[in-house]
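In what follows, a structure is listed as structure tokens, so that the remarks can point back to it.
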Amino acid sequence: MLGKRKKDIQPEEEFVNQNLMGDMEGQLTIDVYQTDDEIIVESAIAGVDPKDIDIDATSESVTIRGERKKSNEISDQDYFYQECFWGRFSRSVILPQEVDPDKASSVLKNGVLKVHLPKIHKDVARKISVDKE
18 MLGKRKKDIQ PEEEFVNQNL MGDMEGQLTI DVYQTDDEII VESAIAGVDP
68 KDIDIDATSE SVTIRGERKK SNEISDQDYF YQECFWGRFS RSVILPQEVD
118 PDKASSVLKN GVLKVHLPKI HKDVARKISV DKE
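Using our numbering, the final residue of the sequence shown is 150, and nothing's skipped along the way.
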């Protein structure tokens, strides 16, 4: 139904769209970038309550799940355009570098979710003390 006026959709198109879209999850669009110390996953998810967002991270991947809920019910025949996605969404991504999920954090500000995932620096030399036995 995206991009079409509700009244311009043929009955067979409406049947297909309802069946295809009814049980599907939306897929978030994301940006993934890095600083010296972290990988950042960013996504515009305006209209979502933070309590409706679930983020799972491992050392190699991150998954964001949530739900954008409608504030009121509008009957199908009252729509002229229906392009906004409402319902469950998710996105999983394999990260380009290992991160420490125990130190990960996230913030939702002005409809933009940022997940901060601290990098694990394997190539950094560490001093190892020698104990006398």
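Ideal Cβ positions, reconstructed from N, Cα and C, are used throughout, including at glycine.
These figures come from a predicted structure and were not determined experimentally.
Quiz item: Under a Cβ-count criterion, where at least 16 other Cβ atoms within 10 Å of its own Cβ denotes burial, should Ser60 be classed as buried or exposed?
Solution: buried
Quiz item: What beta strand (DSSP E) runs, 3 residues minimum, are completely inside the segment 39-66?
Solution: 48-51 and 55-61
Quiz item: Out of curiosity, what's the CA-to-CA distance linking Val129 and Lys149?
Solution: Their backbone Cα atoms lie some 54 Å apart in a straight line.
Exercise. Whole angstroms is fine: what's the gap from Phe97's alpha carbon to Lys86's?
Key: Each residue's Cα considered, the two are about 20 Å apart.
Quiz item: Starting from Lys73 and walking both ways along the beta strand (DSSP E), at which residues does that stretch end?
Solution: Correcting the residue identity first, residue 73 is Asp in this sequence and not Lys. Where Asp73 is concerned, the enclosing beta strand (DSSP E) stretches over Ile70 to Ala74.
Self-check item: Three-state secondary structure (DSSP) of Pro118
Solution: helix
Self-check item: Stretch-stretch touch, CB-based, cutoff 8 Å, three pairs: the segment 101-121 with the segment 63-76
Solution: yes
Self-check item: C-alpha distance - Lys68 paired with Ile145, whole-angstrom precision
Solution: Take the alpha-carbon of Lys68 and the one of Ile145: they are about 44 Å apart.
Self-check item: Gly128: first and last residue of the uninterrupted beta strand (DSSP E) it sits in
Solution: Careful: Gly128 lies outside any beta strand (DSSP E) and carries neither H nor E.
Quiz item: Would you report the Cα separation of Glu90 and Met41, rounded to the nearest angstrom?
Solution: 19 Å
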